[in-house]
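Enquirer:
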Amino acid sequence: MRITTANMLAHAIRDERKKRKLSQQALAEQAAIKQSTISAFENNPDGTKLETLFKLLSEMGLELHLAERDQPSNNVGWEQEW
Numbered sequence: 001m002r003i004t005t006a007n008m009l010a011h012a013i014r015d016e017r018k019k020r021k022l023s024q025q026a027l028a029e030q031a032a033i034k035q036s037t038i039s040a041f042e043n044n045p046d047g048t049k050l051e052t053l054f055k056l057l058s059e060m061g062l063e064l065h066l067a068e069r070d071q072p073s074n075n076v077g078w079e080q081e082w
């Protein structure tokens, strides 16, 4: 999954939490943080501490990978070969 903004990251983590049928409260208890902190991250991630992000990732068994962005293409979304 390509994530390029804080909002995209927050939505991806929220979607994964929901997929696992975890409430914000349950995840908060597992990560030893407040439910309101998770809510704030999911709704407005710009002010979230990196420590909070990594606690959430760790509790959900997820990890963050960095990769160089692909070179821009003039044919975004069109990859047909001739």
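Residue numbers (full-length UniProt numbering): 1 to 82. Note that the Cβ used here is the ideal one computed from N, Cα and C, for glycine as well. This structure is a prediction, so every number in the text was calculated from the model and none was measured.
Consult DSSP for Gly11 and reduce its assignment to one of helix, strand or coil.
Expert: Working through the sequence shown from its first residue, we reach residue 11 at position 11. Inspection of the sequence shows that residue 11 is occupied by His rather than by Gly. Reduced to three states, the DSSP call for His11 is helix.
Enquirer: Could you tell me the boundaries of the alpha helix (DSSP H) in which Leu53 lies?
Expert: Mapped onto the sequence shown, residue 53 falls at position 53. Run containing Leu53: 50–59, per the alpha helix (DSSP H) assignment.
Enquirer: Kindly indicate the opening and closing residues of the alpha helix (DSSP H) around Thr37.
Expert: The residue labelled residue 37 in the question sits at position 37 within the sequence shown. Note, Thr37: alpha helix (DSSP H), 35–43.
Enquirer: In this structure, how does DSSP classify Glu29 when only helix, strand and coil are distinguished?
Expert: Walking along the sequence shown from the start, residue 29 turns up at place 29. In this structure, Glu29 counts as helix in the three-state DSSP scheme.
Enquirer: For Glu59, which residues from the same chain have a beta carbon less than 6 Å from its beta carbon, with the 5 sequence-adjacent residues on both sides left out?
Expert: Taking the sequence shown and counting its residues from 1, the one referred to as residue 59 is at position 59. Hits under 6 Å: Gln30, Ala31.
Enquirer: Can you tell me which of Arg20, Leu56, Lys21, Leu22 puts its alpha carbon nearest to the alpha carbon of Thr37?
Expert: As a working note, residue 37 is residue 37 in the sequence shown. For Thr37, the nearest C-alpha among the options comes from Leu56.
Enquirer: Since Leu53 and Glu16 should fall inside the 8 Å C-beta cutoff, what is the C-beta to C-beta distance between them, to a whole number of angstroms?
Expert: Locating residue 53 in the sequence shown gives position 53, counting from the first residue. Locating residue 16 in the sequence shown gives position 16, counting from the first residue. Distance from Leu53 to Glu16 at the Cβ level is roughly 13 Å; contact not present, criterion being Cβ atoms closer than 8 Å.
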